[in-house]
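Engineer: In this text, residue positions in the sequence shown follow my numbering: the first is 4, and each later residue adds one.
One structure, as structure tokens, below. Some questions next.
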Amino acid sequence: LNGNDIWSYIPQYFIPDDNETDKIEFLKKCYITDLCHIVPKGCGGIDPICKTLGIQKKDWENFRSAIAKKYLEKEIEEVNPNFIILHGAASRGFFENELEVPFEDIENFGRLKICKGNMDGKKILSIPHLKGQLKNEFWNSSHQDKIRQTIQNYLKENS
């Protein structure tokens with residue numbers, strides 16, 4: 004696993020031990036989404052995506068939502084994960100508004116928070132986005148130990 008991509012970054016916070024096998028096994032039990040797996044190469048945020056595609060923000064949001072509405076529930080059903088990890092506030096908003104999943108805050112870190120939910124018996128953990136400004140502002144902040152402990156406590160209580 005490359006130490007600077009999401010597939011390594013999530014296990015850094017979700018797995019108590021630094022064991023490569025445990026990390027891979029954990030990831031096999033998860034469904035991780037930020038709603039749309041289709042983005043132009045090298046674009047992490049909405050502004051660069053829209054600039055690259057030559058579209059407005061609302062066009063991107065409509066496209067992302069349409070893709071999620073069409074495929075997301077079926078993907079989750081097929082994967083049948085132990086945990087669903089929502090990557091970013093847009094994912095949580097989609098689950099709340101479109102799929103009517105209620106969320107409860109586990110921990111607040113200023114304007115950013117970690118939340119939990121449940122959809123048809125599947126446990127959901129909503130985390131702030133792991134790229135760009137939020138990666139630097141939240142994940143690489145002085146709260147790293149508290150973030151890690153909050154996530155690991157949730158997983159332990161819900162395993």
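Using N, Cα and C, we set each Cβ at its ideal position, and we do this for glycine too.
Terminal residues of the continuous beta strand (DSSP E) containing K54?
Structural biologist: From DSSP, K54 is part of no beta strand (DSSP E) but of the alpha helix (DSSP H) over 49-56.
Engineer: Using a Cβ distance threshold of 8 Å, determine whether the segment 113-126 contacts the segment 60-72, with at least three qualifying pairs required.
Structural biologist: Contact fails: fewer than three Cβ-Cβ distances are below 8 Å.
Engineer: How many Å lie between E23 and T55 at the Cα?
Structural biologist: So the alpha carbons of these two residues sit roughly 36 Å apart.
Engineer: For L102 and N161, what's the separation of their Cα atoms in angstroms?
Structural biologist: Taking the straight line joining both Cα atoms gives about 21 Å.
Engineer: Between which two residues does the alpha helix (DSSP H) holding D177 run?
Structural biologist: The structure shown does not extend to residue 177, since the chain is modelled only from 4 through 162, so no value can be given for it.
Engineer: So, do the segment 29-40 and the segment 79-86 have three or more beta carbon pairs nearer to each other than 8 Å?
Structural biologist: Because the criterion of three Cβ pairs below 8 Å is met, the segment 29-40 and the segment 79-86 touch.
Engineer: Measure the C-alpha to C-alpha separation of L128 and K44 and round it to an integer number of angstroms.
Structural biologist: Each residue's alpha carbon lies about 27 Å from the other.
Engineer: Determine the direct distance from the alpha carbon of G124 to that of N100, and round the result to whole angstroms.
Structural biologist: Going by the C-alpha atoms only, they are around 18 Å apart.
Engineer: If distances are taken between C-alpha atoms only, which option among S145, I87, L115, R95 comes closest to Y169?
Structural biologist: Since the first residue of the chain shown is 4 and the last is 162, residue 169 is not available in this structure.
Engineer: Measure the C-alpha to C-alpha separation of D25 and I18 and round it to an integer number of angstroms.
Structural biologist: Each residue's Cα considered, the two are about 7 Å apart.
Engineer: I'd like the span of the alpha helix (DSSP H) that includes S68, first residue to last.
Structural biologist: Segment 60-82, the alpha helix (DSSP H) holding S68.
Engineer: Please state whether the Cβ-Cβ distance between D37 and H132 is less than 8 Å.
Structural biologist: A contact, by the Cβ cut-off of 8 Å.
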